[in-house]
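As you go down the protein sequences, you meet chains Y and U in turn.
The first sequence: position 63 = 800 (the numbering used here), numbered continuously.
The second sequence: position 85 = 86 (the numbering used here), numbered continuously.
Just so it is clear, CB atoms sit at the ideal spot from N, CA and C, and this is done for glycine as well.
Keep in mind it's a predicted model, so treat the numbers as computed, not measured.
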Amino acid sequence: AQSVTQLGSHVSVSEGALVLLRCNYSSSVPPYLFWYVQYPNQGLQLLLKYTTGATLVKGINGFEAEFKKSETSFHLTKPSAHMSDAAEYFCAVSPGGSGANSKLTFGKGITLSVRP
Amino acid sequence: NAGVTQTPKFQVLKTGQSMTLQCAQDMNHNSMYWYRQDPGMGLRLIYYSASEGTTDKGEVPNGYNVSRLNKREFSLRLESAAPSQTSVYFCATRQGLNTEAFFGQGTRLTVV
Numbered sequence: 738a739q740s741v742t743q744l745g746s747h748v749s750v751s752e753g754a755l756v757l758l759r760c761n762y763s764s765s766v767p768p769y770l771f772w773y774v775q776y777p778n779q780g781l782q783l784l785l786k787y788t789t790g791a792t793l794v795k796g797i798n799g800f801e802a803e804f805k806k807s808e809t810s811f812h813l814t815k816p817s818a819h820m821s822d823a824a825e826y827f828c829a830v831s832p833g834g835s836g837a838n839s840k841l842t843f844g845k846g847i848t849l850s851v852r853p
Numbered sequence: 002n003a004g005v006t007q008t009p010k011f012q013v014l015k016t017g018q019s020m021t022l023q024c025a026q027d028m029n030h031n032s033m034y035w036y037r038q039d040p041g042m043g044l045r046l047i048y049y050s051a052s053e054g055t056t057d058k059g060e061v062p063n064g065y066n067v068s069r070l071n072k073r074e075f076s077l078r079l080e081s082a083a084p085s086q087t088s089v090y091f092c093a094t095r096q097g098l099n100t101e102a103f104f105g106q107g108t109r110l111t112v113v
């Protein structure tokens, strides 16, 4: 069974500071990994995803994440936070490999606040 | 091109009442999902359908039933609503395992 752990429910950074949101996963097969963002009273939209190939993936709005198999991690970073980045962020995992089911499992989410 | 459409957007039910949440997609995707979102709990998978004609339980299926009516539509039914089912419900679709999911705007359900 797959699972996602997002440590901490709330992260607060100053505008212009580094953003680091942590995600660790558990999967019995090589996973596909995703980061989504949710703005207040809206649905979720994709920031970036890792499927195969390059382990450092770039997404929208200056975000990137690195897949580290040895650490079972997929942490999300952004070099310089902007006020508009304030939102809730979700990490998600889907099993890969042949015969995998299509279940898509989300973490509990992290609320990012950006201080002026 | 509407994407993923959920109806209704808001609903208030009395305990014991039944209702069906509707989800329709025009993206020709194979897989469809129902999640509930509660504060501090993230998105929890209720049921999913890998393809037309199949459905599987997720993490929190108790109290719910689903129907994959055709490729476009995936409905979620509450047979006897309970206050614990007060939540925001999201429908999502995607084409394959390594593709992104697209979400509807959600249904805010309150059970009193």
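Beta carbon proximity, residue i to chain U, threshold 8 Å
i: Y:Gly846; result: yes
i: Y:Phe771; result: yes
i: Y:Gly790; result: no
Cβ neighbours of residue i in the same chain (closer than 6 Å, five flanking residues each side left out)
i: Y:Gly796; result: Leu784, Leu785
i: U:Ala102; result: Ala93, Arg95
i: Y:Ala799; result: Looking at the sequence shown, residue 799 of chain Y is not Ala but Gly. So the qualifying residues of the chain are Lys815.
i: U:Val13; result: Thr111
Spatial neighbours of residue i in its chain, beta-carbon cut-off 8 Å, leaving aside the 5 residues before and after
i: Y:Gly844; result: Val741, Thr742, Gln743, Cys760, Phe827, Cys828, Ala829
i: Y:Gln739; result: Tyr762, Ser763, Ser764, Ser765, Pro768, Val830, Ser831, Pro832, Lys840, Thr842
i: Y:Gly834; result: Val766, Pro767
Residue-chain proximity (residue i, chain Y), Cβ-Cβ < 8 Å
i: U:Ser32; result: yes
i: U:Ala102; result: yes
i: U:Gln106; result: yes
i: U:Leu70; result: no
Minimum Cβ-Cβ distance from residue i to chain A less than 8 Å
i: Y:Leu849; result: Absent here is chain A; the protein component of the structure consists of chains Y and U.
Cβ-based burial, residue i [other Cβ within 10 Å; buried from 16]
i: Y:Arg852; result: exposed
i: U:His30; result: buried
Under 7 Å by beta carbon: chain U residues contacting residue i
i: Y:Ala837; result: Leu98
Proximity test, residue i beta-carbon vs the ligand COA heavy atom, cut-off 7 Å
i: Y:Ser807; result: What this structure holds is no ligand at all, so the ligand COA is not there to describe.
Residues that residue i contacts on chain Y, provided the C-beta gap is smaller than 9 Å
i: U:Phe11; result: Near U:Phe11 there are no residues of chain Y at all, since even the closest Cβ is about 12 Å away, more than 9 Å.
Chain U contact residues for residue i, given Cβ-Cβ distances below 9 Å
i: Y:Ser746; result: Gly41
Closer than 8 Å at the beta carbon, the chain Y residues around residue i
i: U:Ser91; result: Note that residue 91 of chain U is Phe in the sequence shown here, rather than Ser. Under the 8 Å cutoff, chain Y gives Gly780, Leu781.
i: U:Ala51; result: Asn838, Ser839
i: U:Gly59; result: Lys840
Run through the segment 2 to 58 of chain U for me and flag every whole beta strand (DSSP E) of 3 or more residues, listed as ranges in chain order.
5 to 8, 11 to 14, 20 to 26, 32 to 39, 43 to 50, all fully within the segment 2 to 58 of chain U.
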